Amino acid sequence: MTVRPRRIYLDHNATAPLLPQAKAAMIHAFDLLGNPSSVHEEGRRARAAIEAARGAVANLVGAVSEGVVFTSGATEAANTCLVPEWTLDGASVAVKRLAVADADHPATREGGRFAAEAVTRLPVDRQGLLGLKALDAWLEDGVGRGWSMLCLTLANGETGVVQDIVPIVDRLIGRDVIFVLDVSQAAGRMPLSISDLRADALLVSGHKIGAAKGIGALVLADEARRPRPLLLGGGHEKGRRAGTEALAEIVSFGIAAGVAAERAPQAAAMLGPLRHRLAEGLAASGASFRIVGEGAARLPNTLTIAAEGLRGETVQIALDLAGFAVSSGSACSSGKVGASHVLKAMVDGGFDIDPSLGAIRVSFGYETTVDEIDAIVVAMSRVLRTSRQTSLGRHAA
Numbered sequence: 261m262t263v264r265p266r267r268i269y270l271d272h273n274a275t276a277p278l279l280p281q282a283k284a285a286m287i288h289a290f291d292l293l294g295n296p297s298s299v300h301e302e303g304r305r306a307r308a309a310i311e312a313a314r315g316a317v318a319n320l321v322g323a324v325s326e327g328v329v330f331t332s333g334a335t336e337a338a339n340t341c342l343v344p345e346w347t348l349d350g351a352s353v354a355v356k357r358l359a360v361a362d363a364d365h366p367a368t369r370e371g372g373r374f375a376a377e378a379v380t381r382l383p384v385d386r387q388g389l390l391g392l393k394a395l396d397a398w399l400e401d402g403v404g405r406g407w408s409m410l411c412l413t414l415a416n417g418e419t420g421v422v423q424d425i426v427p428i429v430d431r432l433i434g435r436d437v438i439f440v441l442d443v444s445q446a447a448g449r450m451p452l453s454i455s456d457l458r459a460d461a462l463l464v465s466g467h468k469i470g471a472a473k474g475i476g477a478l479v480l481a482d483e484a485r486r487p488r489p490l491l492l493g494g495g496h497e498k499g500r501r502a503g504t505e506a507l508a509e510i511v512s513f514g515i516a517a518g519v520a521a522e523r524a525p526q527a528a529a530m531l532g533p534l535r536h537r538l539a540e541g542l543a544a545s546g547a548s549f550r551i552v553g554e555g556a557a558r559l560p561n562t563l564t565i566a567a568e569g570l571r572g573e574t575v576q577i578a579l580d581l582a583g584f585a586v587s588s589g590s591a592c593s594s595g596k597v598g599a600s601h602v603l604k605a606m607v608d609g610g611f612d613i614d615p616s617l618g619a620i621r622v623s624f625g626y627e628t629t630v631d632e633i634d635a636i637v638v639a640m641s642r643v644l645r646t647s648r649q650t651s652l653g654r655h656a657a
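First residue of the sequence shown: 261, per our numbering; consecutive thereafter.
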């Protein structure tokens, strides 16, 4: 009889485990009978639960409750937001152009509802940071051409690299540019404030912070500046997203947002030492690898490495068989065949690796223990050495 190894989950950037308190609140919400739009007592109870969650999500990102629009996830929020039709201070305006970062998530990188010819993909450097010269050129090209939109990701899900936002938003001062920021990976892992980020809108995912899957939010800094709704046919969410709200999922989101808001200020102190222990342990083992984005600020829970001559998928499969859940790319696209577009963009910016080989990402959470980090160090070191020897043997033959 084969004994299966105890599973250790280290793929939090793909999805975080459902928090027990979020699960309990979700189960309770299943017993809230009323439609949140109904005026009777049952409906009012459901509405109160939604509004409590709305306040918690707003608090997580330093916004006002009225700006939170619940969606089915960050992807829907992106497709709602990335649209050429916006209302700005009561007037309808046509947004002529969109710029995104070439290393960002496909939900924003593909341009939403903009025509392909209106979308510019800005390059990143070898660390994955936005190329400011390219941004400057794009901004100058837009002078006198009406409104534009810039959509970026604060923290990259594949590499953990955090963009330096200040020099970016400083360049937007006095320009007709709507600024949208995807904070799906950053939420709960660093303090967030929509005003400090100087964003017009934020994209937030529930399941990245321990809520149920299938819930997210578009958070607006000012209700007077909002996109044309993606879903029409009802007055839900103040006319900004038609369809009866997913009560239980929203309640779980609110609970998870409350927990994430409490943890975020301590994220670096709580998670950073685990990442350091992982990197130092791998280095001490003699395994040959490079840390992706090593010279940039990164999420404290994320370590992505590339090993010369080794496919990330090969390492991932070996670790899976050993009982570890890690990733070789974004969970939204890692099932596809081909090089990571994130690594390719970084290679185009000067990072010297083979992007077709991919990388291995270890991402953990607040419940991850030192023993689990030590266990992945032992297993990954063994896999990297064994795979390397096998690869060299093939080349020698």
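Glycine residues also receive a C-beta, built at the ideal position from the N, C-alpha and C atoms. Bear in mind the structure is a predicted one, so any value in this text is a computation, not a measurement.
Cβ neighbours of residue i in the same chain (closer than 7 Å, five flanking residues each side left out)
i, result
"Val353", "Trp346, Trp407"
"Gly518", "Ala316"
"Ala334", "Ala367, Asp442, Ser444, Leu463, Val464, Ser465, Gly476"
"Ala539", "Ile551, Leu563"
Burial state of residue i (16 or more Cβ within 10 Å)
i, result
"Thr331", "buried"
"Asp580", "exposed"
"Phe549", "buried"
"Gln445", "buried"
"His467", "buried"
"Asp631", "exposed"
"Val638", "exposed"
"Leu570", "buried"
"His601", "buried"
8 Å CB neighbourhood of residue i in its chain, flanking five on each side removed
i, result
"Lys356", "Pro344, Ala378, Gly402, Arg405, Gly406, Trp407, Ser408"
"Asp267", "Checking the displayed sequence, the identity of residue 267 turns out to be Arg instead of Asp. Once the five neighbours on either side are set aside, the close Cβ partners of Arg267 are Gly583, Phe584, Ala585."
"Val324", "Ala318"
"Pro489", "Thr340, Gly499, Arg500, Arg501, Ala502"
Local conformation of residue i per DSSP, three classes
i, result
"Phe513", "helix"
"Ser352", "strand"
"Val328", "strand"
"Arg267", "coil"
"Thr564", "strand"
"Ile620", "strand"
"Leu292", "coil"
"Val552", "coil"
"Ile438", "strand"
"Glu573", "helix"
Beta-carbon separation (whole angstroms), residue i vs residue j, contact threshold 8 Å
i, j, result
"Val426", "Ala605", "That belief does not hold up - the Cβ atoms of Val426 and Ala605 are roughly 22 Å apart, past 8 Å."
"Gly553", "Gln387", "5 Å"
"Ile475", "Phe513", "5 Å"
"Leu534", "Thr380", "So it is not a contact: roughly 38 Å between Cβ atoms."
"Leu342", "Phe374", "6 Å"
"Leu542", "Met640", "6 Å"
Inter-residue spacing [alpha-carbon to alpha-carbon] between residue i and residue j
i, j, result
"Leu480", "Leu292", "28 Å"
"Arg305", "Pro296", "8 Å"
"Gly371", "Glu336", "13 Å"
"Gly494", "His300", "19 Å"
"Gly555", "His496", "45 Å"
"Ile428", "Ile287", "43 Å"
"Asp271", "Asn561", "10 Å"
"Arg458", "Ala289", "35 Å"
"Leu452", "Phe624", "20 Å"
"Arg523", "Arg449", "8 Å"
"Ile310", "Ala516", "14 Å"
"Leu389", "Asp634", "30 Å"
"Asp364", "Leu320", "22 Å"
Cutoff 6 Å; reference residue i; Cβ partners in own chain excluding five residues on either side
i, result
"Ala415", "Val422, Gln445, Ala446, Leu559"
"Leu410", "Ala359, Val437, Phe439"
"Ala313", "Ile510, Val511, Phe513, Gly514"
"Ala599", "Pro615, Ser616"
"Ala484", "Asp349"
"Ala557", "Val422"
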